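Chains A and B, in that order, give the protein sequences.
Quick note, the first sequence lines up with residues 1 to 242 if you use UniProt numbering.
Quick note, the second sequence lines up with residues 1 to 242 if you use UniProt numbering.
Number of protein chains: 2
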Amino acid sequence: MAATKIPNEGNPTGEGFIPNLAIDAVIFGFHDNELKVLLMHYSNTGYVALPGGFIRLEEDLDVAAMRVASERTGLKEIFLDQFHIFGDMTRFDPEPFKAILNANGIEPPVNHWLLKRFISVGYFALVDFTKVTPTPDKLFDSCGWYDLNDLPRLIQDHQLIIKKALESLRTQLDNKLIGFNLLPDNFTMGDLQALHETVLGKKLLRPAFQRKILSMGILERVAKKYSGGAHKAPYLYRFLPK
Amino acid sequence: MAATKIPNEGNPTGEGFIPNLAIDAVIFGFHDNELKVLLMHYSNTGYVALPGGFIRLEEDLDVAAMRVASERTGLKEIFLDQFHIFGDMTRFDPEPFKAILNANGIEPPVNHWLLKRFISVGYFALVDFTKVTPTPDKLFDSCGWYDLNDLPRLIQDHQLIIKKALESLRTQLDNKLIGFNLLPDNFTMGDLQALHETVLGKKLLRPAFQRKILSMGILERVAKKYSGGAHKAPYLYRFLPK
DNA sequence: TATTATTGTAACATAATGATACAATAATAT
DNA sequence: ATATTATTGTATCATTATGTTACAATAATA
Chain A
1 MAATKIPNEG NPTGEGFIPN LAIDAVIFGF HDNELKVLLM HYSNTGYVAL PGGFIRLEED
61 LDVAAMRVAS ERTGLKEIFL DQFHIFGDMT RFDPEPFKAI LNANGIEPPV NHWLLKRFIS
121 VGYFALVDFT KVTPTPDKLF DSCGWYDLND LPRLIQDHQL IIKKALESLR TQLDNKLIGF
181 NLLPDNFTMG DLQALHETVL GKKLLRPAFQ RKILSMGILE RVAKKYSGGA HKAPYLYRFL
241 PK
Chain B
1 MAATKIPNEG NPTGEGFIPN LAIDAVIFGF HDNELKVLLM HYSNTGYVAL PGGFIRLEED
61 LDVAAMRVAS ERTGLKEIFL DQFHIFGDMT RFDPEPFKAI LNANGIEPPV NHWLLKRFIS
121 VGYFALVDFT KVTPTPDKLF DSCGWYDLND LPRLIQDHQL IIKKALESLR TQLDNKLIGF
181 NLLPDNFTMG DLQALHETVL GKKLLRPAFQ RKILSMGILE RVAKKYSGGA HKAPYLYRFL
241 PK
């Protein structure tokens, strides 16, 4: 379970939501050639967590995940991928939630629904960093971007969840070319290559990269981009919806 | 949710189990050059379903999946892969379970836990067909193997779950070579190739296949296999544990 | 001992990928 | 204007991987 919009703090049974099941969202952004993750700070505690939420009794799981990602980013259409479920008992640790509820003036009963064992469905989201408005909630001081290589200490197994999300992103990037969900609508081949290099953690050869990407036939050349630099202007591309 | 060992049919609240969450197991076997799936027949109804089960309140999700697969096959160590979660409301259909409970002499209250909306964690299992003892349970007449290309009508979205499981198996087969979990301990290169051809649904070239598999360096040559055929005897291989 | 069917792998052909080279060009400097 | 600079787009060649053909090896049978 994760940082979440708790529907009603005075609702110790979690009515209206599926019990013991949560969503954790690893929301990736790309900025300054670095991969970023959106994280939440719980008010009046040192706890930092992934954005998360619960599933309404009659809500599609994917819809719930989209709701969680939407609420934290302000975006409507978001690329989401359900990459793993985390269901070990070792991840059960009610202490952070006790502290968080206490810090918000709630003295939870021992059987409070938030203090029970949770299984989490991990989704990762790819968003255009420039379009996101990180949005906290009343249980949180703040919500903001963190460099993937410089993460703070996170509650429970959220570090592991991010690691698994990144692994999944990496394997998919090669085959399905989902990367431009992290870029603005129009981008240069250099932008896309820099993104791939950051995600994969290695340098790529420019001619081979361009050849491979263009051979996929899913990019469209839009116009040139006059950057003001003293050199040839690169083409802009956009994703060709199929 | 799926065919399952229901812990206590007179337990209308599902006490001891996580509510609204189930496991569905697509147990693959390989026999006569065909992929098989283990399916359950509910007693006194025409319903056929995947083996399934629920998660105990303090049980690891993976342990619960292993328990389900173990109970139906009689095997202890089973290759399992958690490939997808099915969480749409469209899959909700309480009718089969009403009929099944009725057929077993239970008149369920409308709020019986089995009649609620369920989210299912899909696992696929790869087992050695020759070692499996298909084992039904008291709610079931029978439990047996079905050719993947000749499946009966299944309850709910179990057809879709099998389809997704097969897709996941296919993509993993190329990269991770998990296929020999479907074969006996020792097998010939021909056996392995036939398996790959069946799973991928296409013919492969023998020299290229052998070269690729051996270059992975995870097979060990054991001995020759004298089949009695009027031809050169093939080597037997076994998986080299790393 | 010849025949048959299948295996193991060499050898070559083709395709994919890795790496280098260089012309094109947009801004700036002379 | 013209030269200079940095970067882009792509041609070209090198290397590796994969697809394909060919054939010797061999276990049973004739």
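All residues carry an ideal CB built from backbone N, CA and C; glycine is no exception.
Quick caveat, the model's predicted, so the values are computed rather than measured.
Item: Identity of the residue in B:30, B:32, B:21 nearest residue 57 of chain B by Cα; Value: B:21
Item: Which of helix, strand or coil DSSP assigns to residue 117 of chain B; Value: coil
Item: Contact list for residue 213 of chain A against chain B, beta-carbon separation under 9 angstroms; Value: What residue 213 of chain A touches in chain B: nothing, since even the nearest Cβ is about 21 angstroms away.
Item: beta-carbon residue 158 of chain B near the ligand MG non-hydrogen atom, thresh 7 angstroms; Value: Of ligands this structure carries none, so the ligand MG is not represented either.
Item: Of the residues A:32, A:45, A:30, A:50, the one placed nearest residue 39 of chain A, counting alpha carbons only; Value: A:50
Item: Residues near residue 220 of chain A in its chain [Cβ-Cβ closer than 6 angstroms; skip 5 each side]; Value: 238, 240
Item: First and last residue of the uninterrupted alpha helix (DSSP H) at residue 172 of chain B; Value: 158-176
Item: Sequence-distant residues of the same chain with beta carbon closer than 7 angstroms to residue 222 of chain B, five excluded per side; Value: 186, 236, 237, 238
Item: Euclidean distance between Cα positions of residue 108 of chain A and residue 13 of chain A; Value: 11 angstroms
Item: Nearest candidate by alpha-carbon position, reference residue 218 of chain B, set B:189, B:68, B:228, B:224; Value: B:189
Item: Proximal chain A residues relative to residue 60 of chain B, where beta-carbon distance stays under 7 angstroms; Value: 87, 88, 89
Item: Interface flag, residue 166 of chain B vs chain A, CB-CB below 8 angstroms; Value: no
Item: Residues that residue 110 of chain B contacts on chain A, provided the C-beta gap is smaller than 7 angstroms; Value: Result: empty, since nearest Cβ-Cβ is about 15 angstroms, beyond 7 angstroms.
Item: Start and end residues, beta strand (DSSP E) containing residue 188 of chain A; Value: 186-188
Item: Residue 27 of chain B: contacting residues in chain A (beta-carbon distance under 7 angstroms); Value: In chain order: nothing, as chain A lies at least about 19 angstroms away.
Item: Integer Cβ distance of residue 92 of chain B from residue 120 of chain B, believed to fall under 8 angstroms; Value: Contact flag wrong, Cβ pair sits at about 11 angstroms.
Item: Boundaries of the alpha helix (DSSP H) in which residue 70 of chain A is found, first to last residue; Value: 61-73
Item: Below-8 angstroms beta-carbon distance, residue 160 of chain A vs any chain B residue; Value: no
Item: Inter-stretch contact at 8 angstroms, needing at least 3 Cβ pairs: the region 56-74 of chain A / the region 200-218 of chain A; Value: no
Item: Burial state of residue 230 of chain A (16 or more Cβ within 10 Å); Value: exposed
Item: 7 angstroms Cβ cut-off: residues of chain B touching residue 121 of chain A; Value: 85
Item: Uninterrupted alpha helix (DSSP H) stretches inside the region 74-113 of chain A (no shorter than 4 residues); Value: 95-103
Item: Pairwise C-alpha distance: residue 176 of chain B and residue 232 of chain B; Value: 30 angstroms
Item: Buried/exposed call for residue 152 of chain B, threshold 16 Cβ in 10 Å; Value: exposed
Item: C-alpha distance - residue 33 of chain A paired with residue 195 of chain A, whole-angstrom precision; Value: 7 angstroms
Item: Closer than 7 angstroms at the beta carbon, the chain B residues around residue 78 of chain A; Value: Simply none; closest approach about 17 angstroms.
Item: Distance, residue 164 of chain A Cα to residue 226 of chain B Cα; Value: 46 angstroms
Item: Exposure label - residue 110 of chain B; buried when at least 16 CB within 10 Å; Value: exposed
Item: Residues of the region 190-215 of chain A with Cβ closer than 7 angstroms to any Cβ of chain B, in chain order; Value: none
Item: Within-8 angstroms CB hit, residue 100 of chain A to chain B; Value: no
Item: Presumed contact (8 angstroms Cβ cut-off) between residue 63 of chain B and residue 23 of chain B, rounded CB distance; Value: 11 angstroms between Cβ atoms; not a contact.
Item: Residue range of the unbroken beta strand (DSSP E) whose run includes residue 36 of chain A; Value: 34-42
Item: Straight-line gap, residue 129 of chain B to residue 77 of chain B (C-alpha atoms, nearest Å); Value: 14 angstroms
Item: Limits of the unbroken alpha helix (DSSP H) element including residue 215 of chain A; Value: 206-215
Item: Alpha carbon of residue 144 of chain B to alpha carbon of residue 134 of chain B, nearest angstrom; Value: 6 angstroms
Item: Partner residues on chain B for residue 177 of chain A, Cβ-Cβ distance less than 8 angstroms; Value: Within 8 angstroms Cβ-Cβ: nothing; residue 177 of chain A doesn't reach chain B, min ~16 angstroms.
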